[in-house]
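Residue numbers (UniProt numbering): 1 to 264. Here the structure comes first, spelled out in structure tokens, and everything after it is commentary.
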């Protein structure tokens with residue numbers, strides 16, 4: 001996979017992370033993003049948000065909030081009420097690649113909540129995505145949508161870990177709202193998170209002979225070995241969506257592929 005250059009990133013909407021963070025620290029006020037505010041417009045573009053959705057900062061959701069808890073893992077991505085399994089699958093792939101993750105999340109150490117730096121916490125984070133042929137640096141505040149005190153969209157298995165929810169928020173900001181992430185392709189999210197080139201493989205084209213199945217296995221195994229990121233989904237129509245297959249996989253959902261093995 002050929003990745004785009006990470007070294008230079010364009011501030012999205014002209015918002016410069018360091019400048020905004022310094023301003024927030026100097027003022028003693030946590031950052032609130034005017035470009036993607038904690039408001040209904042950031043949740044939906046086609047309707048008003050339900051009245052029971054409340055925007056909260058991590059410190060209002062969990063005791064001792066952290067950016068990471070024991071590093072990144074696929075357990076950090078649990079889909080919420082948004083139909084964006086395609087983004088969940090892509091992000092879970094990234095969680096398995098520490099070096100790549102550090103490129104998408106610049107200044108990881110500085111963005112972490114640290115007891116000794118409490119007076120420097122400004123409620124602001126930034127992430128990088130490959131958009132329209134260039135790296136963009138996306139700034140977000142730490143307000144997250146909740147219902148009954150729980151995150152309604154992507155959340156970690158660990159309640160006080162918030163990096164996955166903030167990553168999703170930054171991605172939603174690019175498209176104008178969380179609702180804009182309803183339905184999509186994991187390939188596109190992987191391109192946005194790597195600057196690489198995506199390729200689709202239709203598995204049905206490889207199932208009518210043992211020779212073709214072996215060819216598909218070799219392609220996938222070689223891709224994993226070369227460090228490629230792979231996701232897979234099962235096409236579904238109408239009432240097939242959400243139906244489980246005999247293997248327990250759900251039709252219409254996207255999954256991250258972390259290994260390729262022969263099953264006896």
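In this text, a Cβ means the ideal position worked out from N, Cα and C, and glycines have one as well.
Secondary structure of residue i, DSSP reduced to three states
i           : result
residue 2   : With a pLDDT of only 41 at residue 2, under the threshold of 50, the placement of this residue in the model should not be trusted; the figure read from the coordinates follows. DSSP places residue 2 in coil when its eight states are reduced to three.
residue 127 : strand
residue 66  : strand
residue 25  : helix
residue 244 : strand
residue 61  : helix
residue 137 : strand
residue 161 : strand
residue 94  : helix
residue 88  : helix
residue 262 : coil
residue 191 : helix
residue 18  : helix
One or two residues paired with residue i in a DSSP bridge
i           : result
residue 146 : 54, 151
residue 232 : 255
residue 239 : Note: residue 239 sits in no beta bridge, so no partner.
residue 205 : According to DSSP, which records beta bridges pairwise, residue 205 is partnered with nothing at all.
residue 10  : 136
residue 265 : What the structure shows of the chain is the stretch from 1 to 264, and residue 265 is not part of that stretch, so it cannot be assessed.
residue 185 : Paired residues: none, contrary to the question.
residue 45  : Paired residue(s): none; residue 45 is not in a bridge.
Closer than 7 Å: residue i CB and nearest the ligand SAM heavy atom
i           : result
residue 121 : Inclusion of the ligand SAM in the displayed structure is not the case, the ligand content being empty and no account of it being possible.
CB contact flag (residue i, residue j, <8 Å)
i           : j           : result
residue 107 : residue 95  : no
residue 177 : residue 43  : yes
residue 160 : residue 72  : no
residue 104 : residue 12  : no
residue 83  : residue 183 : yes
residue 113 : residue 47  : no
residue 135 : residue 263 : no
residue 186 : residue 180 : no
Of the residues the options, the one placed nearest residue i, counting alpha carbons only
i           : options            : result
residue 98  : 227, 251, 247, 260 : 227
residue 102 : 68, 113, 119, 80   : 68
residue 229 : 206, 180, 219, 257 : 257
residue 93  : 201, 109, 192, 34  : 192
residue 111 : 141, 132, 83       : 141
residue 260 : 245, 247, 218      : 218
residue 157 : 78, 263, 39        : 78
residue 133 : 262, 195, 34, 49   : 195
residue 203 : 231, 143, 197, 146 : 231
Would you call the region 22-33 and the region 120-134 touching, i.e. three or more CB-CB distances under 8 Å?
With three or more CB-CB distances shorter than 8 Å, the region 22-33 counts as touching the region 120-134.
Should the region 71-89 be regarded as contacting the region 163-181, the criterion being three or more beta carbon pairs within less than 8 Å?
The region 71-89 vs the region 163-181: in contact.
Taking contact to mean at least 3 C-beta pairs separated by less than 8 Å, is the region 246-263 in contact with the region 229-238?
Contact holds: three or more Cβ-Cβ distances are below 8 Å.
Flag this pair as touching only if the region 56-67 and the region 138-152 have three or more C-beta atom pairs under 8 Å; answer yes or no.
Output reads yes: the region 138-152 touches the region 56-67.
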